[in-house]
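Since the structure comes first, as C-alpha coordinates, the remarks are kept for the end.
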Amino acid sequence: MHYISTLFAEKLHGCDVKFEILIPFGGTLVKPNLAQGTVLDGAVMCHLFAQKTVYVRCLSSIDDDHTRDNEINERSDRVQLFVSENHHSLEDDIIFCDDTGVDTQFYQSFCDDTEGGPQTSPKQTADSPDNFTSIVEQSFDEIFEHDTTLAIARSVAEKTIEETAEETLLSTLKQFHNKIDQDTTFQFNVFREDIFNCFIRGVRRKQFSPCKRISVLFTDIDNVSEGAVDMGGPTREMFRLLLKHLKNSTLFEGSEHSKNISLCSEHIDNRHYYEAGRMIVLSLMHGGPGPQFLSETLFNYISNGIEATKPSVDEIMNPEIKEELENIKNAPNLIELKRAVWSSTFLSIAGFANISNFTKKENILECAPKHYLIYRTMPALEQFKEGLNILGFLEKLKVFKEFKELMCYTDSKLTANKVSSIFTTKLSESGSNNRNIECKILTFWNDYLCDSEENETQATLEDVLCFATASEKVPPLGYDGQPKLEFLHNEDFLWPKANTCVPILYLPVSYKSNEYEKFKSNMDYAILNGMQFGFA
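Below you can see the structure in the form of C-alpha coordinates.
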(Lines of atoms letter the chains of each structure in order from A and count residues from 1; the text may use other names and numbers.)
(Lines give C-alpha, C1' and ligand atoms only; values in the text may rest on other atoms or scores of the structure.)
Protein backbone atom coordinates (compact mmCIF):
# COMPACT_ATOMS: atom_id res chain seq x y z
CA MET A 1 0.00 0.00 0.00
CA HIS A 2 3.01 2.25 0.46
CA TYR A 3 3.62 1.93 -3.28
CA ILE A 4 0.04 3.06 -3.98
CA SER A 5 0.46 6.03 -1.65
CA THR A 6 3.57 7.01 -3.59
CA LEU A 7 1.68 6.91 -6.90
CA PHE A 8 -0.97 9.31 -5.56
CA ALA A 9 1.31 11.47 -3.44
CA GLU A 10 0.22 14.60 -5.31
CA LYS A 11 -3.46 13.97 -4.53
CA LEU A 12 -2.94 12.88 -0.94
CA HIS A 13 -1.17 16.10 0.11
CA GLY A 14 0.92 14.23 2.68
CA CYS A 15 -2.16 12.88 4.51
CA ASP A 16 -1.95 9.50 6.26
CA VAL A 17 -4.71 7.80 4.30
CA LYS A 18 -5.66 4.14 4.47
CA PHE A 19 -6.94 2.22 1.47
CA GLU A 20 -9.05 -0.83 0.88
CA ILE A 21 -8.83 -3.36 -1.91
CA LEU A 22 -12.01 -4.12 -3.89
CA ILE A 23 -12.84 -6.57 -6.66
CA PRO A 24 -15.81 -6.78 -9.08
CA PHE A 25 -18.58 -9.15 -8.00
CA GLY A 26 -22.25 -9.24 -9.01
CA GLY A 27 -22.14 -5.82 -10.65
CA THR A 28 -20.69 -4.17 -7.54
CA LEU A 29 -17.31 -3.81 -5.88
CA VAL A 30 -16.74 -5.92 -2.76
CA LYS A 31 -13.89 -6.65 -0.39
CA PRO A 32 -12.02 -9.90 -1.13
CA ASN A 33 -13.24 -12.58 1.26
CA LEU A 34 -10.01 -14.22 2.42
CA ALA A 35 -9.14 -16.97 4.86
CA GLN A 36 -8.60 -15.86 8.43
CA GLY A 37 -5.14 -14.42 9.08
CA THR A 38 -4.26 -13.93 5.42
CA VAL A 39 -2.01 -10.95 4.73
CA LEU A 40 -3.09 -9.33 1.47
CA ASP A 41 0.41 -8.55 0.29
CA GLY A 42 1.87 -8.55 -3.20
CA ALA A 43 2.55 -12.29 -3.30
CA VAL A 44 -1.03 -13.18 -2.35
CA MET A 45 -2.43 -10.62 -4.81
CA CYS A 46 -0.46 -12.21 -7.64
CA HIS A 47 -1.75 -15.66 -6.69
CA LEU A 48 -5.40 -14.64 -6.45
CA PHE A 49 -5.98 -11.79 -8.87
CA ALA A 50 -3.39 -12.22 -11.63
CA GLN A 51 -6.13 -12.06 -14.30
CA LYS A 52 -8.58 -9.76 -12.53
CA THR A 53 -9.05 -6.03 -12.23
CA VAL A 54 -8.38 -4.84 -8.70
CA TYR A 55 -9.67 -1.51 -7.37
CA VAL A 56 -8.24 0.72 -4.66
CA ARG A 57 -10.40 3.13 -2.66
CA CYS A 58 -9.58 5.62 0.10
CA LEU A 59 -11.31 4.97 3.42
CA SER A 60 -11.49 8.66 4.27
CA SER A 61 -12.13 11.85 2.32
CA ILE A 62 -9.17 13.87 1.11
CA ASP A 63 -9.29 17.60 1.77
CA ASP A 64 -8.40 19.74 -1.24
CA ASP A 65 -8.27 23.55 -1.03
CA HIS A 66 -9.49 23.79 -4.62
CA THR A 67 -12.60 21.66 -4.11
CA ARG A 68 -13.46 22.00 -0.41
CA ASP A 69 -16.26 24.48 -1.10
CA ASN A 70 -17.76 22.42 -3.87
CA GLU A 71 -20.61 20.26 -2.60
CA ILE A 72 -20.36 17.55 -5.18
CA ASN A 73 -19.60 13.91 -4.80
CA GLU A 74 -16.42 13.30 -6.69
CA ARG A 75 -16.10 10.15 -8.68
CA SER A 76 -13.11 8.06 -7.60
CA ASP A 77 -10.76 7.16 -10.37
CA ARG A 78 -10.56 3.55 -11.26
CA VAL A 79 -7.03 2.24 -10.98
CA GLN A 80 -5.84 -1.07 -12.24
CA LEU A 81 -3.26 -2.23 -9.77
CA PHE A 82 -0.20 -3.87 -11.17
CA VAL A 83 1.06 -5.91 -8.24
CA SER A 84 4.68 -6.84 -7.88
CA GLU A 85 6.21 -8.99 -5.21
CA ASN A 86 8.80 -6.26 -4.83
CA HIS A 87 6.15 -3.80 -3.65
CA HIS A 88 4.62 -5.21 -0.51
CA SER A 89 5.36 -4.95 3.16
CA LEU A 90 3.99 -6.52 6.32
CA GLU A 91 3.68 -3.00 7.71
CA ASP A 92 1.31 -1.78 4.98
CA ASP A 93 -2.05 -0.36 6.04
CA ILE A 94 -4.19 -3.17 4.70
CA ILE A 95 -7.75 -4.03 5.62
CA PHE A 96 -7.89 -7.71 6.63
CA CYS A 97 -10.92 -9.85 5.81
CA ASP A 98 -11.20 -12.50 8.54
CA ASP A 99 -14.64 -13.88 7.67
CA THR A 100 -14.23 -17.25 5.98
CA GLY A 101 -17.83 -17.56 4.83
CA VAL A 102 -19.28 -16.36 1.54
CA ASP A 103 -19.72 -12.61 1.66
CA THR A 104 -23.33 -11.92 0.66
CA GLN A 105 -23.29 -8.39 2.03
CA PHE A 106 -22.23 -6.41 -0.98
CA TYR A 107 -20.20 -3.30 -0.41
CA GLN A 108 -21.76 -0.10 -1.73
CA SER A 109 -19.00 1.35 -3.82
CA PHE A 110 -18.25 4.15 -6.21
CA CYS A 111 -19.55 4.57 -9.76
CA ASP A 112 -17.56 3.65 -12.77
CA ASP A 113 -18.68 4.94 -16.14
CA THR A 114 -16.18 2.86 -18.05
CA GLU A 115 -18.01 0.62 -20.49
CA GLY A 116 -18.53 -2.80 -18.97
CA GLY A 117 -17.26 -1.63 -15.57
CA PRO A 118 -19.01 -2.38 -12.30
CA GLN A 119 -21.84 -0.14 -11.05
CA THR A 120 -22.47 0.78 -7.44
CA SER A 121 -26.25 0.27 -7.47
CA PRO A 122 -27.32 -2.15 -10.18
CA LYS A 123 -31.09 -2.34 -10.72
CA GLN A 124 -31.98 -5.70 -12.15
CA THR A 125 -35.60 -6.38 -13.16
CA ALA A 126 -37.39 -9.63 -13.80
CA ASP A 127 -40.14 -8.52 -16.19
CA SER A 128 -39.87 -11.74 -18.16
CA PRO A 129 -39.00 -15.36 -17.37
CA ASP A 130 -36.10 -15.23 -19.80
CA ASN A 131 -34.69 -12.19 -18.05
CA PHE A 132 -35.14 -13.85 -14.67
CA THR A 133 -33.38 -17.02 -15.85
CA SER A 134 -30.53 -14.95 -17.23
CA ILE A 135 -30.12 -13.15 -13.92
CA VAL A 136 -30.16 -16.41 -11.92
CA GLU A 137 -27.60 -18.04 -14.20
CA GLN A 138 -25.37 -14.98 -13.97
CA SER A 139 -25.68 -14.95 -10.17
CA PHE A 140 -24.77 -18.61 -9.87
CA ASP A 141 -21.76 -18.10 -12.14
CA GLU A 142 -20.58 -15.16 -10.08
CA ILE A 143 -21.12 -16.96 -6.76
CA PHE A 144 -19.25 -19.97 -8.09
CA GLU A 145 -16.39 -17.72 -9.19
CA HIS A 146 -16.38 -16.04 -5.79
CA ASP A 147 -16.36 -19.37 -3.93
CA THR A 148 -13.57 -20.64 -6.15
CA THR A 149 -11.53 -17.53 -5.44
CA LEU A 150 -12.18 -18.03 -1.73
CA ALA A 151 -11.05 -21.67 -1.87
CA ILE A 152 -7.87 -20.64 -3.68
CA ALA A 153 -7.30 -17.93 -1.08
CA ARG A 154 -7.58 -20.42 1.75
CA SER A 155 -5.17 -22.80 0.05
CA VAL A 156 -2.66 -20.02 -0.62
CA ALA A 157 -3.05 -18.77 2.96
CA GLU A 158 -2.37 -22.19 4.47
CA LYS A 159 0.65 -22.70 2.24
CA THR A 160 1.92 -19.20 2.96
CA ILE A 161 1.53 -19.63 6.72
CA GLU A 162 3.33 -23.00 6.60
CA GLU A 163 6.17 -21.64 4.46
CA THR A 164 6.45 -18.54 6.65
CA ALA A 165 6.71 -20.67 9.80
CA GLU A 166 9.44 -22.82 8.26
CA GLU A 167 11.22 -19.74 6.96
CA THR A 168 10.99 -18.04 10.35
CA LEU A 169 12.52 -21.04 12.14
CA LEU A 170 15.32 -21.42 9.61
CA SER A 171 16.12 -17.70 9.50
CA THR A 172 16.22 -17.56 13.31
CA LEU A 173 18.63 -20.49 13.50
CA LYS A 174 20.77 -18.88 10.80
CA GLN A 175 20.98 -15.73 12.91
CA PHE A 176 22.63 -17.76 15.65
CA HIS A 177 24.77 -19.71 13.19
CA ASN A 178 26.03 -16.45 11.71
CA LYS A 179 27.39 -15.48 15.13
CA ILE A 180 30.07 -18.16 14.72
CA ASP A 181 33.53 -16.81 13.94
CA GLN A 182 34.79 -19.19 11.25
CA ASP A 183 38.37 -18.00 11.77
CA THR A 184 38.60 -19.24 15.37
CA THR A 185 38.28 -22.89 16.35
CA PHE A 186 37.65 -24.71 19.60
CA GLN A 187 38.44 -28.42 19.82
CA PHE A 188 36.46 -31.02 21.77
CA ASN A 189 38.36 -34.21 22.58
CA VAL A 190 35.72 -36.91 22.75
CA PHE A 191 35.67 -40.49 23.96
CA ARG A 192 32.28 -41.87 23.00
CA GLU A 193 31.85 -44.00 26.14
CA ASP A 194 32.16 -40.89 28.33
CA ILE A 195 30.82 -38.25 25.97
CA PHE A 196 28.88 -36.17 28.53
CA ASN A 197 31.90 -35.59 30.79
CA CYS A 198 34.07 -34.87 27.73
CA PHE A 199 31.58 -32.17 26.73
CA ILE A 200 31.47 -30.70 30.27
CA ARG A 201 35.25 -30.48 30.44
CA GLY A 202 35.32 -28.80 27.05
CA VAL A 203 32.71 -26.09 27.64
CA ARG A 204 34.24 -25.22 31.02
CA ARG A 205 37.67 -24.53 29.63
CA LYS A 206 38.68 -20.87 29.68
CA GLN A 207 39.13 -20.68 25.92
CA PHE A 208 35.66 -21.97 25.12
CA SER A 209 33.17 -19.67 23.44
CA PRO A 210 29.84 -20.64 21.85
CA CYS A 211 30.77 -18.37 18.95
CA LYS A 212 33.92 -20.29 18.01
CA ARG A 213 33.77 -22.87 15.26
CA ILE A 214 33.72 -26.36 16.78
CA SER A 215 36.20 -29.06 15.81
CA VAL A 216 35.73 -32.56 17.25
CA LEU A 217 38.49 -35.12 17.68
CA PHE A 218 37.11 -38.59 18.43
CA THR A 219 39.18 -41.40 19.94
CA ASP A 220 38.38 -45.09 19.73
CA ILE A 221 38.60 -47.65 22.51
CA ASP A 222 42.38 -47.95 21.99
CA ASN A 223 42.70 -44.19 22.51
CA VAL A 224 43.73 -43.73 18.90
CA SER A 225 42.32 -40.62 17.29
CA GLU A 226 40.12 -41.05 14.24
CA GLY A 227 41.56 -39.29 11.24
CA ALA A 228 38.61 -37.07 10.47
CA VAL A 229 38.87 -33.47 9.36
CA ASP A 230 35.87 -31.73 10.89
CA MET A 231 33.87 -30.17 8.08
CA GLY A 232 30.65 -30.60 10.04
CA GLY A 233 30.27 -34.38 10.23
CA PRO A 234 32.12 -35.00 13.53
CA THR A 235 30.31 -32.04 15.11
CA ARG A 236 26.93 -33.45 14.07
CA GLU A 237 27.97 -36.85 15.42
CA MET A 238 29.04 -35.40 18.77
CA PHE A 239 25.78 -33.54 19.30
CA ARG A 240 23.73 -36.53 18.13
CA LEU A 241 25.41 -38.71 20.74
CA LEU A 242 25.19 -36.01 23.41
CA LEU A 243 21.44 -35.54 22.96
CA LYS A 244 20.94 -39.30 22.93
CA HIS A 245 22.83 -39.48 26.24
CA LEU A 246 20.79 -36.59 27.60
CA LYS A 247 17.53 -38.29 26.70
CA ASN A 248 18.46 -41.44 28.62
CA SER A 249 20.20 -39.74 31.56
CA THR A 250 18.92 -39.12 35.08
CA LEU A 251 18.54 -35.44 34.19
CA PHE A 252 15.18 -36.32 32.63
CA GLU A 253 12.39 -38.76 33.33
CA GLY A 254 9.36 -39.88 31.39
CA SER A 255 8.39 -41.99 28.41
CA GLU A 256 10.71 -42.43 25.44
CA HIS A 257 9.34 -39.48 23.45
CA SER A 258 8.10 -37.24 26.28
CA LYS A 259 10.60 -36.30 28.99
CA ASN A 260 10.27 -33.95 31.95
CA ILE A 261 13.03 -32.55 34.14
CA SER A 262 13.90 -34.85 37.04
CA LEU A 263 15.15 -33.60 40.41
CA CYS A 264 18.66 -34.62 41.42
CA SER A 265 20.62 -32.64 44.01
CA GLU A 266 23.93 -33.82 42.59
CA HIS A 267 23.04 -32.58 39.11
CA ILE A 268 21.90 -29.24 40.56
CA ASP A 269 25.14 -28.83 42.54
CA ASN A 270 27.20 -29.65 39.44
CA ARG A 271 25.04 -27.36 37.28
CA HIS A 272 24.34 -30.20 34.86
CA TYR A 273 20.86 -28.88 34.08
CA TYR A 274 22.46 -25.64 32.93
CA GLU A 275 24.87 -27.60 30.74
CA ALA A 276 21.96 -29.60 29.29
CA GLY A 277 20.25 -26.38 28.21
CA ARG A 278 23.48 -24.98 26.83
CA MET A 279 24.13 -28.23 24.96
CA ILE A 280 20.79 -27.96 23.12
CA VAL A 281 21.50 -24.39 22.01
CA LEU A 282 25.02 -25.25 20.84
CA SER A 283 23.73 -28.23 18.86
CA LEU A 284 21.16 -26.18 16.95
CA MET A 285 23.57 -23.29 16.49
CA HIS A 286 26.41 -25.46 15.13
CA GLY A 287 24.37 -27.55 12.71
CA GLY A 288 23.32 -30.41 14.97
CA PRO A 289 19.84 -31.78 15.73
CA GLY A 290 17.28 -30.65 18.27
CA PRO A 291 16.47 -32.88 21.27
CA GLN A 292 12.96 -33.82 20.10
CA PHE A 293 12.16 -35.54 23.39
CA LEU A 294 10.93 -32.76 25.69
CA SER A 295 7.37 -33.21 26.92
CA GLU A 296 4.70 -30.73 25.93
CA THR A 297 4.46 -29.79 29.61
CA LEU A 298 8.16 -28.93 29.77
CA PHE A 299 8.12 -27.03 26.48
CA ASN A 300 5.04 -25.03 27.49
CA TYR A 301 6.69 -24.13 30.78
CA ILE A 302 9.94 -22.86 29.30
CA SER A 303 8.15 -21.00 26.49
CA ASN A 304 5.01 -19.64 28.20
CA GLY A 305 5.33 -20.13 31.94
CA ILE A 306 3.53 -22.30 34.46
CA GLU A 307 0.08 -20.95 33.55
CA ALA A 308 0.36 -22.66 30.14
CA THR A 309 1.00 -26.12 31.60
CA LYS A 310 -1.56 -28.86 32.18
CA PRO A 311 0.41 -31.95 33.21
CA SER A 312 -1.43 -35.22 33.72
CA VAL A 313 -1.08 -38.02 36.25
CA ASP A 314 0.32 -40.24 33.47
CA GLU A 315 3.43 -38.05 33.27
CA ILE A 316 4.44 -38.90 36.84
CA MET A 317 7.03 -41.69 36.80
CA ASN A 318 7.20 -42.31 40.56
CA PRO A 319 5.06 -45.48 40.96
CA GLU A 320 4.11 -44.81 44.61
CA ILE A 321 2.89 -41.27 43.98
CA LYS A 322 1.15 -42.36 40.81
CA GLU A 323 -0.67 -45.08 42.78
CA GLU A 324 -1.68 -42.56 45.46
CA LEU A 325 -3.20 -40.29 42.82
CA GLU A 326 -4.97 -43.24 41.22
CA ASN A 327 -6.54 -44.01 44.61
CA ILE A 328 -7.79 -40.43 44.79
CA LYS A 329 -9.12 -40.66 41.25
CA ASN A 330 -11.07 -43.81 42.15
CA ALA A 331 -12.39 -42.52 45.50
CA PRO A 332 -16.23 -42.81 45.35
CA ASN A 333 -17.07 -40.47 48.26
CA LEU A 334 -15.65 -37.87 50.66
CA ILE A 335 -14.66 -40.40 53.33
CA GLU A 336 -12.60 -42.48 50.88
CA LEU A 337 -11.13 -39.30 49.40
CA LYS A 338 -9.95 -38.09 52.83
CA ARG A 339 -8.49 -41.52 53.61
CA ALA A 340 -6.56 -41.52 50.32
CA VAL A 341 -5.22 -38.00 50.90
CA TRP A 342 -4.21 -38.59 54.55
CA SER A 343 -2.28 -41.72 53.59
CA SER A 344 -0.15 -39.76 51.09
CA THR A 345 3.00 -38.07 52.39
CA PHE A 346 3.47 -36.33 49.05
CA LEU A 347 0.02 -34.71 49.12
CA SER A 348 0.52 -33.65 52.72
CA ILE A 349 3.76 -31.87 51.80
CA ALA A 350 2.06 -30.37 48.74
CA GLY A 351 -0.61 -28.80 50.97
CA PHE A 352 -3.62 -30.99 50.23
CA ALA A 353 -4.13 -32.39 53.75
CA ASN A 354 -7.28 -30.40 54.57
CA ILE A 355 -10.14 -31.73 52.43
CA SER A 356 -13.56 -30.28 53.28
CA ASN A 357 -15.74 -31.48 50.41
CA PHE A 358 -15.77 -34.00 47.59
CA THR A 359 -15.44 -31.34 44.89
CA LYS A 360 -11.77 -30.96 45.91
CA LYS A 361 -11.08 -34.24 44.15
CA GLU A 362 -10.77 -32.73 40.66
CA ASN A 363 -8.65 -29.89 42.02
CA ILE A 364 -6.21 -32.38 43.55
CA LEU A 365 -5.94 -34.37 40.34
CA GLU A 366 -5.22 -31.17 38.42
CA CYS A 367 -2.81 -29.52 40.85
CA ALA A 368 -0.85 -32.51 42.18
CA PRO A 369 0.86 -33.35 38.84
CA LYS A 370 1.77 -29.68 38.41
CA HIS A 371 3.27 -29.63 41.90
CA TYR A 372 5.26 -32.81 41.28
CA LEU A 373 6.54 -31.98 37.79
CA ILE A 374 7.05 -28.21 38.10
CA TYR A 375 6.97 -26.69 41.58
CA ARG A 376 9.00 -29.56 43.06
CA THR A 377 11.64 -29.39 40.32
CA MET A 378 11.80 -25.58 40.09
CA PRO A 379 15.56 -25.27 40.94
CA ALA A 380 16.42 -27.71 38.14
CA LEU A 381 13.97 -26.07 35.72
CA GLU A 382 15.38 -22.60 36.27
CA GLN A 383 18.91 -23.88 35.81
CA PHE A 384 17.84 -25.57 32.57
CA LYS A 385 16.24 -22.34 31.33
CA GLU A 386 19.40 -20.42 32.20
CA GLY A 387 21.39 -22.74 29.94
CA LEU A 388 18.84 -22.38 27.15
CA ASN A 389 19.16 -18.62 27.24
CA ILE A 390 22.81 -18.32 26.21
CA LEU A 391 23.06 -15.69 23.48
CA GLY A 392 19.35 -14.93 24.07
CA PHE A 393 18.17 -18.22 22.54
CA LEU A 394 15.33 -18.78 25.03
CA GLU A 395 13.83 -15.40 24.22
CA LYS A 396 13.66 -16.39 20.55
CA LEU A 397 12.12 -19.72 21.50
CA LYS A 398 9.38 -17.90 23.38
CA VAL A 399 8.56 -15.78 20.33
CA PHE A 400 8.66 -18.45 17.62
CA LYS A 401 6.49 -21.44 18.56
CA GLU A 402 7.87 -23.33 15.55
CA PHE A 403 10.77 -24.32 17.83
CA LYS A 404 8.41 -26.89 19.34
CA GLU A 405 9.05 -29.28 16.44
CA LEU A 406 12.76 -29.24 17.32
CA MET A 407 12.22 -29.66 21.05
CA CYS A 408 9.31 -32.12 21.16
CA TYR A 409 8.79 -35.43 19.43
CA THR A 410 7.16 -35.42 16.02
CA ASP A 411 6.23 -38.63 14.25
CA SER A 412 7.87 -37.74 10.96
CA LYS A 413 9.55 -40.90 9.74
CA LEU A 414 11.97 -41.02 6.87
CA THR A 415 10.88 -42.58 3.60
CA ALA A 416 12.88 -44.23 0.86
CA ASN A 417 12.12 -41.35 -1.51
CA LYS A 418 13.16 -38.79 1.10
CA VAL A 419 16.52 -40.46 1.74
CA SER A 420 17.13 -40.92 -1.99
CA SER A 421 16.40 -37.25 -2.68
CA ILE A 422 18.97 -36.12 -0.11
CA PHE A 423 21.86 -37.38 -2.27
CA THR A 424 23.11 -36.18 -5.63
CA THR A 425 24.49 -39.06 -7.68
CA LYS A 426 27.80 -38.77 -9.52
CA LEU A 427 27.60 -40.96 -12.63
CA SER A 428 30.19 -41.79 -15.27
CA GLU A 429 29.87 -40.69 -18.88
CA SER A 430 26.69 -41.83 -20.57
CA GLY A 431 27.19 -44.97 -22.68
CA SER A 432 30.35 -46.06 -20.87
CA ASN A 433 30.77 -49.48 -19.22
CA ASN A 434 31.11 -47.83 -15.83
CA ARG A 435 27.81 -46.01 -16.36
CA ASN A 436 26.01 -49.30 -17.02
CA ILE A 437 27.49 -50.84 -13.87
CA GLU A 438 26.54 -47.77 -11.82
CA CYS A 439 22.94 -47.90 -13.03
CA LYS A 440 22.70 -51.54 -11.91
CA ILE A 441 24.06 -50.72 -8.45
CA LEU A 442 21.85 -47.64 -8.27
CA THR A 443 18.86 -49.97 -8.72
CA PHE A 444 20.21 -52.11 -5.86
CA TRP A 445 20.53 -48.98 -3.73
CA ASN A 446 16.96 -47.83 -4.36
CA ASP A 447 15.63 -51.34 -3.70
CA TYR A 448 17.60 -51.43 -0.47
CA LEU A 449 16.00 -48.16 0.66
CA CYS A 450 12.54 -49.50 -0.17
CA ASP A 451 13.23 -52.70 1.77
CA SER A 452 14.47 -50.64 4.69
CA GLU A 453 11.28 -48.58 4.69
CA GLU A 454 9.28 -51.82 4.78
CA ASN A 455 11.43 -53.20 7.65
CA GLU A 456 12.92 -55.89 5.40
CA THR A 457 16.50 -54.94 6.31
CA GLN A 458 18.35 -54.94 9.62
CA ALA A 459 19.34 -51.30 9.21
CA THR A 460 16.68 -48.59 9.38
CA LEU A 461 16.56 -45.58 7.09
CA GLU A 462 17.77 -43.53 10.06
CA ASP A 463 20.77 -45.87 10.33
CA VAL A 464 21.50 -45.44 6.62
CA LEU A 465 21.40 -41.65 6.85
CA CYS A 466 23.48 -41.65 10.02
CA PHE A 467 26.10 -43.88 8.39
CA ALA A 468 26.39 -41.50 5.46
CA THR A 469 25.99 -38.08 7.11
CA ALA A 470 26.35 -38.55 10.92
CA SER A 471 22.75 -37.48 11.46
CA GLU A 472 19.63 -39.63 11.76
CA LYS A 473 17.51 -36.84 10.28
CA VAL A 474 18.29 -33.87 8.09
CA PRO A 475 19.59 -31.22 10.55
CA PRO A 476 17.50 -28.05 10.94
CA LEU A 477 20.27 -26.03 9.28
CA GLY A 478 20.80 -28.69 6.63
CA TYR A 479 24.23 -29.75 5.42
CA ASP A 480 27.09 -27.49 4.40
CA GLY A 481 27.01 -29.23 1.04
CA GLN A 482 24.48 -31.65 -0.40
CA PRO A 483 25.42 -35.28 0.38
CA LYS A 484 26.81 -37.17 -2.60
CA LEU A 485 26.46 -40.73 -3.83
CA GLU A 486 29.51 -42.10 -5.63
CA PHE A 487 30.78 -45.52 -6.72
CA LEU A 488 33.83 -47.63 -5.85
CA HIS A 489 35.36 -48.63 -9.20
CA ASN A 490 38.61 -50.52 -9.62
CA GLU A 491 38.24 -52.00 -6.16
CA ASP A 492 37.33 -55.56 -5.31
CA PHE A 493 35.34 -54.32 -2.34
CA LEU A 494 31.91 -55.53 -1.18
CA TRP A 495 30.97 -52.97 1.47
CA PRO A 496 29.95 -49.32 1.30
CA LYS A 497 32.21 -46.59 2.57
CA ALA A 498 31.23 -43.22 3.98
CA ASN A 499 33.10 -39.99 4.44
CA THR A 500 30.72 -38.20 6.80
CA CYS A 501 32.90 -35.10 6.89
CA VAL A 502 31.99 -34.11 3.33
CA PRO A 503 29.56 -36.14 3.28
CA ILE A 504 29.91 -38.81 0.58
CA LEU A 505 28.51 -42.33 0.47
CA TYR A 506 30.46 -44.74 -1.74
CA LEU A 507 28.67 -47.82 -3.08
CA PRO A 508 30.60 -50.94 -4.14
CA VAL A 509 30.04 -52.14 -7.70
CA SER A 510 31.45 -55.69 -7.44
CA TYR A 511 28.08 -57.41 -7.69
CA LYS A 512 26.41 -59.41 -10.43
CA SER A 513 22.83 -58.77 -11.45
CA ASN A 514 21.54 -61.75 -9.42
CA GLU A 515 23.42 -60.79 -6.22
CA TYR A 516 21.04 -58.23 -4.70
CA GLU A 517 20.57 -60.29 -1.51
CA LYS A 518 24.34 -60.34 -1.04
CA PHE A 519 24.46 -56.57 -1.59
CA LYS A 520 21.66 -56.13 0.95
CA SER A 521 23.38 -58.27 3.58
CA ASN A 522 26.69 -56.45 3.20
CA MET A 523 24.99 -53.06 3.38
CA ASP A 524 23.35 -54.07 6.68
CA TYR A 525 26.64 -55.29 8.11
CA ALA A 526 28.59 -52.19 7.15
CA ILE A 527 25.95 -49.69 8.27
CA LEU A 528 25.31 -51.30 11.66
CA ASN A 529 28.99 -51.84 12.45
CA GLY A 530 30.67 -48.90 10.81
CA MET A 531 28.96 -45.70 12.01
CA GLN A 532 32.29 -44.10 12.91
CA PHE A 533 34.35 -41.32 11.41
CA GLY A 534 36.90 -41.09 8.70
CA PHE A 535 36.10 -43.76 6.14
CA ALA A 536 33.62 -46.20 7.64
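In this text, residue positions in the sequence shown follow our numbering: the first is 16, and each later residue adds one. All residues carry an ideal CB built from backbone N, CA and C; glycine is no exception.
Taking 8 Å as the threshold (C-beta atoms), are V434 and L457 in contact?
No, these two residues do not count as a Cβ contact at 8 Å.
CA-to-CA distance, F314 to E268, given in whole angstroms:
One C-alpha to the other measures close to 14 Å.
Measuring CA to CA, which of F508, L256, R293 is closest to Q398?
Residue R293 is the option with its Cα nearest to Q398.
Start and end of the beta strand (DSSP E) containing L520?
It spans 519 to 523 - the beta strand (DSSP E) in which L520 sits, taken as one unbroken run.
From the DSSP output, read off the bridge partner residues of T439.
Beta-bridge pairing links T439 to K499.
Buried or exposed by the 16-neighbour rule on C-beta atoms within 10 Å, applied to I343
Only buried fits I343, as 16 or more other CB atoms lie within 10 angstroms of its CB.
Going by DSSP, which residues form a beta bridge with T552?
It is not possible to answer for residue 552, since the shown part of the chain is limited to 16 through 551.
Considering only DSSP beta bridges, list what S270 is partnered with.
For S270, which the question treats as bridged, DSSP gives the partners S273.
Could you compute how far the alpha carbon of I317 sits from the alpha carbon of W510?
Each residue's alpha carbon lies about 46 Å from the other.
Given this structure, state the Cα-to-Cα distance separating L266 from P498, to the nearest angstrom.
Their Cα atoms are separated by approximately 34 Å.
Distance between I276 and R286 (C-alpha atoms, nearest Å)
Each residue's Cα considered, the two are about 13 Å apart.
Got a sec? Which residues, its chain only, sit under 8 Å from H192 by beta carbon, not counting five neighbours each side?
Short of 8 Å from the beta carbon of H192, and not among the five residues preceding or following it, lie these beta carbons of its own chain, in chain order: M300, H301, G302, L492.
Mind checking which residues open and close the beta strand (DSSP E) that includes Y424?
Here Y424 belongs to no beta strand (DSSP E), and DSSP marks it neither H nor E.
Buried or exposed (CB count within 10 angstroms, at least 16 for buried), C454
It counts as exposed.
So E477 packs on E487, CB below 8 Å; how close in whole Å?
The beta-carbon distance between E477 and E487, rounded to whole angstroms, is 4 Å. This is short enough to meet the 8 Å contact definition.
Same chain only: Cβ atoms within 7 Å of Q353, ignoring 5 sequence neighbours per side:
The residue asked about is misnamed: residue 353 is Lys in this sequence, not Gln. Non-local C-beta neighbours of K353 in its own chain, meaning closer than 7 Å and more than five positions away in sequence, comprise I370, ordered along the chain.
Can you give the Cα-Cα distance for E35 and A24, rounded to whole angstroms?
The alpha-carbon of E35 is positioned some 17 Å away from that of A24.
Would you say V524 and H504 are within 8 Å of each other, going by their C-beta atoms?
At the C-beta level, V524 and H504 come within 8 Å of one another.
In this structure, does DSSP put I195 in helix, strand or coil?
The answer is coil: DSSP assigns I195 none of H, G, I, E or B.
Comparing alpha-carbon positions, which option in L349, L257, P394 lies nearest D284?
Checked all of L349, L257, P394; the closest Cα to D284 is P394.
Of all the options N404, E501, N470, which has the alpha carbon lying nearest to the alpha carbon of R450?
Comparing alpha-carbon positions, the option among N404, E501, N470 lying closest to R450 turns out to be E501.
Between the stretch 328 to 347 and the stretch 358 to 373, can you find at least three pairs of beta-carbon atoms closer than 8 Å?
Counting Cβ pairs under 8 Å, three or more are found: they touch.
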